[in-house]
Amino acid sequence: MRKDEGAGATSGSGPFPPVRELTAGDVFTSLDTSRRGLSAAQARTRLGRYGPNELPRAQGRAVWRQLGAQFTDLFAVVLIVASGITFLAYGLQEPRDVGTLQLAVAILGVVVLNAAIGFAQEYSAERTAQALEAMVPHTCRVVRGGERLEVPARELVPGDVVVLEAGDAVSADCRVVEAHELEVNNAPLTGESNAVARSAEPVTAGPPLEARNCVFMGTDVVAGSGRAVVFATGAATEFGRIYRLAAAAPRQKTPLQVQVASMARRVAGAALAIGALLFAVRLPTGESMVTLFVFALGVMVALVPEGLPATLSVSLAIGVRRMARRQALIKQLLAVEALGSTTVVCTDKTGTLTQAEMTVTQVWAEGVPHAVSGVGYTPSGEVADAASVREVLRVAALCCNARLVPAEGPGGGEHRRVLGDTTEGALLVVAAKAGLDLGAEEAAAPRTTEYPFDSTRKLMTTVHKRGTGYQACVKGAPGELLARCTRVAWEGRCGPLTAQDRAAVVQASDGLASQGLRVLAVARRDVDEPRPAQEEAESGLTLLGLVGMLDPPRPEVTDAVAACRQAGLRIVMVTGDHPLTGEAVARRVGIVRRPDPVVVTGARLDTMDDEALDTLLAEPSELLLCRVSPEHKMRVVTAFQRRGEVVAVTGDGANDAPALKHADIGVAMGASGTDVAREAASMVLLDDSFASIAAAVRLGRAVYQNIRKFLVYLFSHNLGELVPILAATFAGFPLVPISAVQILAIDLGSDVLPALALGAEPPESDVMERPPRSRRERLFSAPVVGRIVFLGGIQAGCVTAVFFWHIDASGIPFEDFTKETPAYREAITMVQAGIVLSQFFNALTVRSERQSIRTVGLLSNPALLAAGGFGVALMVAISCLPPLQAVFNTAPLDAADWAVLAGLGTLPLLADEARKAWLRRRDERRMTGAQR
70 MRKDEGAGAT
80 SGSGPFPPVR
90 ELTAGDVFTS
100 LDTSRRGLSA
110 AQARTRLGRY
120 GPNELPRAQG
130 RAVWRQLGAQ
140 FTDLFAVVLI
150 VASGITFLAY
160 GLQEPRDVGT
170 LQLAVAILGV
180 VVLNAAIGFA
190 QEYSAERTAQ
200 ALEAMVPHTC
210 RVVRGGERLE
220 VPARELVPGD
230 VVVLEAGDAV
240 SADCRVVEAH
250 ELEVNNAPLT
260 GESNAVARSA
270 EPVTAGPPLE
280 ARNCVFMGTD
290 VVAGSGRAVV
300 FATGAATEFG
310 RIYRLAAAAP
320 RQKTPLQVQV
330 ASMARRVAGA
340 ALAIGALLFA
350 VRLPTGESMV
360 TLFVFALGVM
370 VALVPEGLPA
380 TLSVSLAIGV
390 RRMARRQALI
400 KQLLAVEALG
410 STTVVCTDKT
420 GTLTQAEMTV
430 TQVWAEGVPH
440 AVSGVGYTPS
450 GEVADAASVR
460 EVLRVAALCC
470 NARLVPAEGP
480 GGGEHRRVLG
490 DTTEGALLVV
500 AAKAGLDLGA
510 EEAAAPRTTE
520 YPFDSTRKLM
530 TTVHKRGTGY
540 QACVKGAPGE
550 LLARCTRVAW
560 EGRCGPLTAQ
570 DRAAVVQASD
580 GLASQGLRVL
590 AVARRDVDEP
600 RPAQEEAESG
610 LTLLGLVGML
620 DPPRPEVTDA
630 VAACRQAGLR
640 IVMVTGDHPL
650 TGEAVARRVG
660 IVRRPDPVVV
670 TGARLDTMDD
680 EALDTLLAEP
690 SELLLCRVSP
700 EHKMRVVTAF
710 QRRGEVVAVT
720 GDGANDAPAL
730 KHADIGVAMG
740 ASGTDVAREA
750 ASMVLLDDSF
760 ASIAAAVRLG
770 RAVYQNIRKF
780 LVYLFSHNLG
790 ELVPILAATF
800 AGFPLVPISA
810 VQILAIDLGS
820 DVLPALALGA
830 EPPESDVMER
840 PPRSRRERLF
850 SAPVVGRIVF
860 LGGIQAGCVT
870 AVFFWHIDAS
880 GIPFEDFTKE
890 TPAYREAITM
900 VQAGIVLSQF
910 FNALTVRSER
920 QSIRTVGLLS
930 NPALLAAGGF
940 GVALMVAISC
950 LPPLQAVFNT
960 APLDAADWAV
970 LAGLGTLPLL
980 ADEARKAWLR
990 RRDERRMTGA
1000 QR
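FYI, in this note's numbering the residues of the sequence shown are 70 to 1001.
And the structure:
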């Protein structure tokens, strides 16, 4: 029998019959167990048959595959081929030129170095996520052989009898066989935070999650107690079904991946084409084929930005570390940039926008509303005019079975968690805020009987001894409870409940409900005995007031939503909750500001074809999608992507996992999120704060800006390397103005470190005031290419002029130059030094597109100055040290040469400063004209 066959148990197929349709007694028979549970031997046998009760971990790439992938990058492939051809050329040369061997080894060394840097960064970033803990509980209570035991959750097997109590997490899919006011929270699977009642009665066929006699892995028991028989474990559970759905969703390529791949193809193609062209141009000169091959390879090396892969990896890794400081864990490096290009955020409600903690915000008593401050289960906050509402809250608190206990984990402080129903937990918290001593109240009024809540009466009643008599405390739905009230206790009086009073209560209840609050009414009556009949206890009641509560938004969410709106992001709530609740929360956090948002349910989505859905998403309206399933969420994400949007999806439940993986960037909650959601996401918010998303978008946009900065920096000097070679070829000079080994020294020795420092530039001040860039916007946009040509052209013109000036000054005819000619060695040294010095000043100017270096601050990036200084120092060593002179065929330069080169090196900076000043003046004139 296959281990995953248990999946069929939830849908009436597989090895087990549809247990939800059986009586409790027949469930034991069908699962071959009993009320005494399995024996130890049976449990061992079934564990071997069905496997451990755990979800399969996604298998990451082996280390050797991860390392090998670094050598499949197109730039790496081009360089590997170039190195191979150079080794071959060395073998064919007669006599053999050691410079050719040095070039081959140098090119291969560049590939290995880039691969090592890229692998180290990716391995470190992607392994960090493995520290997250699984959501599924580690132990659970079972009955085996008639004894109640605690066993590891992974050892649960079909047929185990599980003991359920308030506060427990459910470890497998189970059929309830005993239920005592049992309620569970299915939010991780359905997205709804309301507690739902469970019973042991058979139900008819239907969707598994709607079976009232089943509990599911990953959910929580919030009230009552019971026993249940396991019928599905691990991947065979409903939790596992969603996990498999998420695993089947393909991981989308980020915009940066697409653009870098496109850029690599274009650059590699251009390098090959230009190398081949120059090879053909020099073919008639009579040089050997091997020499011409080496020459063409030098041209190719000049065009390929060898340091780009390493620079890109480290720049993204810097973004990962910055986001980690903002409590955002990036599982994949490229997800950093994807955040910066996001245009649509599809966010879940429960646990993402809200705190998943019911909180009383208003108490209506004495005929007037009383505001309540504070959120969550921490009993800090105040109730306005608390003395007027203490009786309402005393009665409500006595009519509760929930308990507040200290929060688990370090740093819990005063925070509490609820054992039992979250609504009752909210009532206990607000009673404490009003100054009630709950322990003292319970001691003064011990409970004598209880009539639990049921969906027919919509009431709960407890009876307490009070003094010499007894008192019934009742809470429930306002309509049902009001119909049982005959008296009212308001404004210090206790009298008949008049028609006017009833109208006021209905109006107050409707007003609280319109704010998205869940409303409970509270009443009491005196009774003569400790166990009165239910009808007696729940009739002739005295109304005390109303309590309004909600699952409050996280306090930081409103500002985060506003920041995302300012950045041009569209925010769409996609939730499994009720439309009214969703709209109320959306209004509170600022997702909805207009009076007429578009609210679409999952049922309506089912009736819409793709064209109708595309039309809906194309409208600029505020959109809420409620009562949706995992399949609906994934369909919405796909539809947005079909429109060219870059989609981020946030969520914490297992029901969010398929959309999290299918999105361009999936954002899961780390503290409250499920194991499935964290596995599917590209980014995990360790503090569960939606505000971290806005911060991550800001950092992601900065990463993209920084990538463009070092692209301008790297490719502008490539022009400085290529143009002298082209000029020398067409001028008939027999040698190259700069060798391939010198180019590699510039690319790795003088350019990589400054490029990395540019990748660490902080975000510019207005980065969140700009609209998201289009998915179709190219990395090499027209402004970027224009700036590369502008800065690179200045560098190329200067070093080309210096080279021919030095060659001409020697008075030696072109045809008499050899590699050992001193004037030639000095000339190529000046070309290399000129490029290095101009790149030092170029790095300073590319830090901003429009701001002056004085505004940015000359010393504001000390790492950049240090990196540039290292490049210059390396160039001095290459020029002056004999061992390096032998490798690079260079010669020492005198002070006058360095002064000339330094002066020419400042030209890119001065020219770009003039360009920026012109752009700023033009923008000011446009703004002035617009204001007029």
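Each residue gets a CB set at the ideal place from its N, CA and C atoms; glycine is no exception.
Distance, residue j Cα to residue i Cα
| i | j | result |
| --- | --- | --- |
| residue 848 | residue 675 | 39 Å |
| residue 444 | residue 254 | 20 Å |
| residue 770 | residue 212 | 55 Å |
| residue 522 | residue 433 | 22 Å |
| residue 883 | residue 892 | 11 Å |
| residue 759 | residue 697 | 21 Å |
| residue 710 | residue 717 | 10 Å |
| residue 815 | residue 356 | 27 Å |
| residue 244 | residue 114 | 21 Å |
| residue 762 | residue 809 | 45 Å |
| residue 535 | residue 613 | 17 Å |
| residue 202 | residue 925 | Bear in mind that a pLDDT of 36 at residue 202, under 50, signals an unreliable position, so the model cannot answer this. |
| residue 788 | residue 903 | 13 Å |
| residue 469 | residue 497 | 8 Å |
| residue 299 | residue 209 | 12 Å |
| residue 712 | residue 683 | 8 Å |
| residue 553 | residue 608 | 5 Å |
| residue 471 | residue 603 | 22 Å |
| residue 631 | residue 256 | 27 Å |
| residue 944 | residue 875 | 19 Å |
| residue 398 | residue 241 | 29 Å |
| residue 264 | residue 491 | 8 Å |
Span of the alpha helix (DSSP H), counted from its first residue to its last, around residue i
| i | result |
| --- | --- |
| residue 931 | 931 to 949 |
| residue 578 | 568 to 583 |
| residue 969 | 964 to 974 |
| residue 922 | 922 to 925 |
| residue 633 | 626 to 635 |
Opening and closing residue of the beta strand (DSSP E) in which residue i lies
| i | result |
| --- | --- |
| residue 596 | 587 to 596 |
| residue 294 | 289 to 301 |
| residue 539 | 538 to 545 |
| residue 234 | 230 to 234 |
| residue 889 | From DSSP, residue 889 is part of no beta strand (DSSP E); its letter is neither H nor E. |
| residue 822 | Taken as a continuous stretch (DSSP letters only), residue 822 belongs to no beta strand (DSSP E), being part of the alpha helix (DSSP H) at 821 to 828. |
Cβ-based burial, residue i [other Cβ within 10 Å; buried from 16]
| i | result |
| --- | --- |
| residue 752 | buried |
| residue 991 | exposed |
| residue 537 | exposed |
| residue 799 | exposed |
| residue 165 | exposed |
| residue 515 | exposed |
| residue 701 | buried |
| residue 214 | exposed |
| residue 216 | exposed |
Check whether residue i and residue j have beta carbons under 8 Å apart
| i | j | result |
| --- | --- | --- |
| residue 977 | residue 860 | yes |
| residue 585 | residue 509 | no |
| residue 89 | residue 283 | yes |
| residue 180 | residue 145 | yes |
| residue 365 | residue 347 | yes |
| residue 448 | residue 501 | yes |
| residue 173 | residue 140 | no |
| residue 940 | residue 823 | yes |
| residue 387 | residue 935 | no |
Check: Does the region 524 to 536 come close enough to the region 453 to 462 that 3 or more CB-CB pairs lie under 8 Å?
Finding: Contact fails: fewer than three Cβ-Cβ distances are below 8 Å.
Note to self: Taking contact to mean 3 or more Cβ pairs, one atom from each stretch, closer than 8 Å, check whether the region 555 to 567 and the region 598 to 606 are in contact.
What the structure shows: no
Checklist line | Cβ contact check for the region 434 to 443 and the region 773 to 791: 3 or more pairs under 8 Å | finding: no
Notebook entry, point to check: When the Cβ atoms of the region 871 to 883 are set against those of the region 942 to 955, are three or more pairs found closer than 8 Å?
Noted result: no
Next item on the list: May I ask you to verify whether the region 962 to 978 touches the region 907 to 917, counting CB pairs closer than 8 Å and requiring at least 3?
Entry: With the cut-off at 8 Å, the region 962 to 978 and the region 907 to 917 touch.
Notebook entry, point to check: Can at least three beta-carbon pairs, one atom from the region 821 to 835 and one from the region 960 to 971, be found at a separation below 8 Å?
Noted result: no
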